[in-house]
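FYI, the numbering for the sequence shown is 463 to 840, going by my numbering. Glycine included, each C-beta is placed from N, C-alpha and C at the ideal position. Remember, it's a predicted structure, so these values are computed and weren't measured experimentally.
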Amino acid sequence: MLLMIPGPIEVSPAVCESFCRPPPSHLSVDVIDAHARSLELMRAVWRADDSSQPFVVPGSGTIAMEMAVANLLDATDVALVVNTGYFSDRIAEMARRRGASVEEVTAEPGEVPTLDAIESAAKRQSPDVVFATHVDTSTGVKVEPRAICELAARHGALSVFDGVCATAAERFDMDDWGADVYLTASQKAIGLPVGLGMMVVSEAALLRRKDLRTPVPMALDWEQWLPIMQAYEDRRPSYFSTPASNLLCALPIALQEILADGVEARWALHERKAAVMREVWRRLGLELLCDPSHAANTLSAVRYPDGVGPELVAAIRDRGVVVAGGLYPGLQGSYFRVGHMGYSVTRPDHLRRTAEAARDALVSLGHDRDATFDDLEF
Ligand SMILES: *Cc1c(COP(=O)(O)O)cnc(C)c1O
């Protein structure tokens, strides 16, 4: 089975080999070294400078989101959420549970809120923190983080991006753009199994944590984790909560693969392969859920054609490829999602098999477009 959902994704053989081992102690020299190198390499992948702080903690993308929210918002604060779908709803709810007042700027499913709409909400509400989802995995839309960073800075707010379906695949320049938090999880474009929450945090965001009055849950607290990250980066053993030691052994391997030709080249590769996959959907007579002008490069959210429904996902699986159903509340039954990120964009055979399985599955369901892909550079 070929796993082509928007996370977890297929991982490279070198990554697989490095975590498939008996559990090492979190205090062993190789885990300490792998952790230290991972923090250094994260700054390179995130395009973050030395004043910023990377964190790697055991957990999922949702834990990383919760960590950002818990360390930045007091109950008296205002959060502005640029809402592009399912995961933006989630971070808005986290901010509400923290007691903050939450203003959301929304758009139709598959659209992104305009900068004017975000700007006027910021003028009205004077937010302390602006949250956005870089790529919303429910609709396949991508926001423009740079403009949102600039807007947040103009209003004296911090900017936080959920990059769970984007980091290491979509263009993001933390230092140049002035973003304050960019978070992800190991099982998306980073190319590891599920199990690590990851983020890089600016100096300004760390300072804001120090000024919080509302206590931060201990397991999520940057102040707890900061000395641990600093110790690892200095290659000293340290303990607060047991890190995922197998995954840490694989993390520098995955980050080095991302940086092999430079992170710019990695973004460009995702862009090229996403364009090829969009051409596949076009030849199959299928449409994206979102406007192509802000379609993500990491996945495609594709509408079912007339007369075909969620049985397509099963028919594609019968042909050896696992894709995902819809996720956007209310629209789940009208589209499917295909991940094209990380290791699989370096594997033309993965992309071709996915295209052919989708075509053959559509034919089996009576939607016969007789498309060929021989001329495409997967
Ligand atoms: C997958 C995803 C998450 C959630 O990550 P989990 O590891 O499932 O908790 C959050 N945000 C985005 C954009 C995602 O794609």
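For a test of the three-state rule: what should DSSP assign to D841, helix, strand or coil?
A question about residue 841 goes unanswered here, because the residues of the chain that appear run from 463 up to 840.
Could you say which of S600, V544, L709 lies nearest to V591 if we only look at CA atoms?
V544
Near ligand 1: K784 beta-carbon under 6 angstroms from a heavy atom
Residue 784 is actually Val in this sequence, not Lys. Checking every heavy atom of ligand 1 against the Cβ of V784, none is found closer than 6 angstroms.
Which one or two residues does DSSP pair with F623 in a beta bridge?
Bridge partners of F623: A594, Y644.
Is it true that the CB of G657 sits closer than 7 angstroms to the CB of S664?
no
Pair within 7 angstroms by beta-carbon distance, A496 and P655
no
Does the beta-carbon of D551, which I'm using as the reference point, lie nearer than 6 angstroms to any heavy atom of ligand 1?
no
Is A498 near ligand 1, going by C-beta to nearest heavy atom under 6 angstroms?
No - ligand 1 has no heavy atom lying nearer than 6 angstroms to the Cβ of A498.
Which term fits T601, buried or exposed, when burial requires 16 or more other beta carbons within 10 angstroms of its beta carbon?
buried
Beta carbon of V785, beta carbon of F798: below 7 angstroms?
Note that the C-beta distance between V785 and F798 is below 7 angstroms.
Cβ of S648 within 6 angstroms of any heavy atom in ligand 1?
no
Just to confirm, does D512 get its C-beta within under 6 angstroms of one of the non-hydrogen atoms of ligand 2?
Questions concerning ligand 2 fall outside what the structure shown contains, since the ligands it does hold are ligand 1.
To which residues of the same chain is S480 closer than 8 angstroms at the C-beta, ignoring the five residues directly before and after it?
C711, A712, I715
E632 versus A736 - alpha carbon distance
11 angstroms
Any non-hydrogen atom of ligand 1 closer than 6 angstroms to T760 Cβ:
no
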